[in-house]
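Positions in the sequence shown are counted from 1; adding 325 to them yields our numbering.
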Amino acid sequence: MVKWCFFLYITGLLMVCLEIFIPGGIVGAVGIISIASSFWVAYTKISSVFGLYFVSIGLIVAMFCIFLSIKLFPRTKFSEKLFLRNSESDFKSTDNGLKSLEGKEGTALTKLRPAGIANVDGRKISVVTEGTFLSKGIKVKVVKVEGNRIVVREVTLPASRQG
Numbered sequence: 326m327v328k329w330c331f332f333l334y335i336t337g338l339l340m341v342c343l344e345i346f347i348p349g350g351i352v353g354a355v356g357i358i359s360i361a362s363s364f365w366v367a368y369t370k371i372s373s374v375f376g377l378y379f380v381s382i383g384l385i386v387a388m389f390c391i392f393l394s395i396k397l398f399p400r401t402k403f404s405e406k407l408f409l410r411n412s413e414s415d416f417k418s419t420d421n422g423l424k425s426l427e428g429k430e431g432t433a434l435t436k437l438r439p440a441g442i443a444n445v446d447g448r449k450i451s452v453v454t455e456g457t458f459l460s461k462g463i464k465v466k467v468v469k470v471e472g473n474r475i476v477v478r479e480v481t482l483p484a485s486r487q488g
C-alpha cells in the first residue's frame, strides 16, 4: 500500500506540472484527484499517523515544486519557445503621419457611403464622411484626423466661382 501512495502522489504531481504544457484542465484535475487519492490511501489503508506525515511532507514537496517551477522554469530554453518575451511598449496603433493630412484636399476614389477610399496628397487612404454619401470622383477635404479615422467633407466652390 505504501508503494501505491507514492505512485499516486508522484503521478499526480507530474500531471499537475504537465498541465502547463497541455492546457484544458483535465490533466491537472486528474493530477489533483491522484494526489488526493494518495492522501486518502495513506490515512485509511495504512494508518492515520502515516497519513498525517505523508500529507504534511506531500504538501511541503508540492509547494517546493511549485516554487521551483515558478523561479526556474521561465529561465529554461524550452520556456523561451513557449512564452512571448518581447515587450510591445513601443507599439503605436496610430500613424502619426496622418495628422499632416488635416486641411488637405483630394478626390474620392470610391463612393463614400459614408466610408471609402480617397486619394489625398498622393496617398490612397481610408476615409469617412460626416454622415453624407458622396459619389466617386468628388473633391473632398480632410476636416479632422482622430487616430486612424480620417473625416472628409465635400469641397464646395464659392457661389461666385460655380458655373
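Backbone N, C-alpha and C fix where the C-beta goes; we use that ideal spot for every residue, glycine too.
Taking the continuous beta strand (DSSP E) assigned at residue i, which residues delimit it?
i, result
"Lys-464", "464-471"
"Gly-441", "440-445"
"Lys-449", "448-454"
"Glu-479", "474-479"
Locate the alpha helix (DSSP H) running through residue i, then write down its first and last residues.
i, result
"Gly-431", "First-last for Gly-431: 430-433, but that is the beta strand (DSSP E), not the alpha helix (DSSP H)."
What distance in whole Å lies between the Cβ atoms of residue j and residue i, which are believed to be in contact at a cut-off of 8 Å?
i, j, result
"Gly-462", "Thr-432", "6 Å"
"Val-470", "Leu-426", "6 Å"
"Ala-443", "Leu-434", "6 Å"
Does the beta-carbon distance from residue i to residue j come in below 8 Å?
i, j, result
"Val-465", "Leu-459", "yes"
"Val-380", "Ala-367", "yes"
"Ser-359", "Gly-337", "yes"
"Glu-455", "Arg-474", "no"
"Lys-424", "Asp-446", "no"
"Leu-333", "Ser-373", "no"
"Val-476", "Val-453", "yes"
Three or more C-beta pairs below 8 Å linking the stretch 382-393 and the stretch 328-348: The count of Cβ pairs closer than 8 Å, one atom from the stretch 382-393 and one from the stretch 328-348, reaches three, so the stretches are in contact.
The stretch 389-407 in contact with the stretch 368-376 per 3-pair CB rule at 8 Å: Flag = no, the stretch 389-407 and the stretch 368-376 do not touch.
Runs of alpha helix (DSSP H) wholly within the stretch 340-403 (minimum 4 residues, chain order): Counting whole runs of 4 or more residues, the stretch 340-403 contains the alpha helix (DSSP H) stretches 351-366, 373-397.
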